[in-house]
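Heads up, our numbering is the position in the sequence shown plus 308, with the first residue counted as 1.
Let me begin by presenting the structure, written as structure tokens, before commenting on it.
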Amino acid sequence: MKKKMSVIVPSYNEEKAIPYFYEEITKISQKMSYLDFEYIFVDDGSRDDTLKVVKEYAKKDKKVKFISFSRNFGKEGAILAGLEYAKGDYLTIMDADLQDPPYLLEDMYNLIVNDGYDCVATRRVTRKGEPPIRSFFARCFYKIINKLSNIEMVDGARDYRLMTRKVADAIISMKEYNRYSKGIFSFVGFRTKWLEYENIERVAGETKWSFWKLFIYALEGITAFSTAPLVFSAILGIVFCILSFIMIVVIISRTLIFGDPVSGWPSLVCIIFLMSGIQLFSIGIIGQYLAKTYLETKKRPVYIIRETDEK
Ligand code: UDP
Ligand code: MG
């Protein structure tokens, strides 16, 4: 019996990219005909004709499977749905825009089969074609998160990876609502080989990530995999307590020695502003974690399926 390979393709408004993708992946599956392929397109509530395009392919090619969400749930939800649905012995997650080059798949497969890896992941070593400001912030983010979290996040890591069934099951077993894939992949561990490649620009359509969205995503990554900000605000509190204690002692002694001329109103206002700023900041950090906890306890589904070809 041939082993099965599941290719999971999160697709949100990708009607233009899917035909290119289908063509490429078909070539690869013909080349790797010793495996039984299935392509799972996860339509993440697209507003364009993504689902229609996928259905056309599904009619012609029984390798093509699809899941369609009731609305846009985000790529994390799409990845989870694909992993849960897939029946493969080997599973891979690939973007529909060909930024995750399918030709790497054969190398990845060989590494798993011959070299005993459980997972082969990819990272881009260049950020060609990306706005410089975005690259700058991305670099900063990886520096910060790796300091804050025990889990290693690799700069430039893509979601594109090939994994064995065991790894996929481990990922599925992580039932959190606030899913941050890069963290989840590192968290489950296993023997992972990293492949590097140069950034490739998307084949058609446009990126779904604005700067602001990426920023929020970065904060999510930090709150999902590190509690260091909480420690930070606690330390800040302690430092300011000590500082104010010293100030009290200084001011009392000064008053006792030099008397009490009324002055220093502007400095007082500055201090009040600073203190309340820091307090709000700390409460904000706590609030972030509380909000995440709140959402986790609701146990809402990560995605809702509207339509699929699975009987
Ligand atoms: N995607 C998705 N849901 C979303 C946003 C994106 O399924 O809400 C998919 C998208 O169709 C693509 C992949 O995730 O296949 C990566 O998205 P994109 O190319 O916009 O991100 P980038 O490559 O620029 O990081
Ligand atoms: Mg892309």
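By construction, the Cβ of each residue, glycine as well, lies at the ideal position given by its N, Cα and C atoms.
Locate the alpha helix (DSSP H) running through residue i, then write down its first and last residues.
{"i": "M461", "result": "Taken as a continuous stretch (DSSP letters only), M461 belongs to no alpha helix (DSSP H), as it is neither H nor E."}
{"i": "K490", "result": "489-496"}
{"i": "W573", "result": "573-606"}
{"i": "G567", "result": "Per DSSP, G567 belongs to no alpha helix (DSSP H) and is neither H nor E."}
{"i": "D423", "result": "412-423"}
{"i": "K270", "result": "A query on residue 270 cannot be resolved here, the shown segment of the chain reaching from 309 to 619 and no further."}
{"i": "Y328", "result": "326-339"}
{"i": "F438", "result": "According to the sequence provided, residue 438 is Glu. The question's Phe does not apply to it. Taken as a continuous stretch (DSSP letters only), E438 belongs to no alpha helix (DSSP H), as it is neither H nor E."}
{"i": "E528", "result": "519-533"}
According to the neighbour-count rule (16 or more other Cβ atoms, all chains shown, within 10 Å of its Cβ), is residue i buried or exposed?
{"i": "P440", "result": "exposed"}
{"i": "A542", "result": "exposed"}
{"i": "N624", "result": "An answer regarding residue 624 cannot be provided, because it is not within the stretch 309 to 619 covered by the chain."}
{"i": "R432", "result": "buried"}
{"i": "T430", "result": "buried"}
{"i": "E604", "result": "exposed"}
{"i": "L527", "result": "exposed"}
{"i": "V475", "result": "buried"}
{"i": "G424", "result": "exposed"}
{"i": "T434", "result": "exposed"}
{"i": "Y342", "result": "exposed"}
{"i": "L564", "result": "exposed"}
{"i": "G567", "result": "exposed"}
{"i": "E514", "result": "exposed"}
{"i": "V317", "result": "buried"}
{"i": "L470", "result": "buried"}
{"i": "M577", "result": "Reading off the sequence, residue 577 comes out as Val, not Met. That one is exposed."}
Which residue or residues does DSSP assign as beta-bridge partners of residue i?
{"i": "S319", "result": "D351"}
{"i": "M313", "result": "F345, Y398"}
{"i": "T472", "result": "Y398"}
Taking the beta strand (DSSP E) that residue i belongs to, which residues open and close that run?
{"i": "I375", "result": "372-377"}
{"i": "E384", "result": "No beta strand (DSSP E) contains E384, which is instead part of the alpha helix (DSSP H) from 383-393."}
{"i": "R432", "result": "427-432"}
{"i": "K501", "result": "500-505"}
{"i": "I613", "result": "613-616"}
Kindly give me the distance between the Cβ atoms of residue i and residue j, rounded to whole angstroms, as I take these residues to be in contact under 8 Å.
{"i": "M340", "j": "L413", "result": "7 Å"}
{"i": "G545", "j": "S590", "result": "7 Å"}
{"i": "T531", "j": "Q596", "result": "5 Å"}
{"i": "V610", "j": "G385", "result": "5 Å"}
{"i": "D467", "j": "I556", "result": "Between I556 and D467 the Cβ distance is about 53 Å, and since that is not below 8 Å, they are no contact."}
{"i": "I586", "j": "F548", "result": "7 Å"}
{"i": "C427", "j": "F498", "result": "5 Å"}
{"i": "K373", "j": "E346", "result": "6 Å"}
Is there a Cβ of chain C sitting closer than 8 Å to that of residue i, yes or no?
{"i": "N458", "result": "Note that chain C does not occur in the displayed structure, where there is just one protein chain."}
TODO: Answer yes if the region 416-432 comes into contact with the region 448-458, meaning at least three C-beta pairs across the two stretches below 8 Å, and no otherwise.
DONE: no
Task: Inter-stretch contact at 8 Å, needing at least 3 Cβ pairs: the region 397-412 / the region 499-510 - done: yes
- [ ] Kindly confirm or deny that the region 348-355 and the region 369-386 touch, where touching means at least three C-beta pairs closer than 8 Å.
- [x] yes
Open item on the list: Across the region 486-503 and the region 554-565, are there enough close Cβ pairs to call them in contact, namely three or more that are closer than 8 Å?
Closed with: no
Open item on the list: For the pair the region 322-342 and the region 571-583, tell me if three or more CB-CB distances fall below 8 Å.
Closed with: no
Open item on the list: So, does the region 358-375 touch the region 313-325, judging by three or more C-beta pairs under 8 Å?
Closed with: yes
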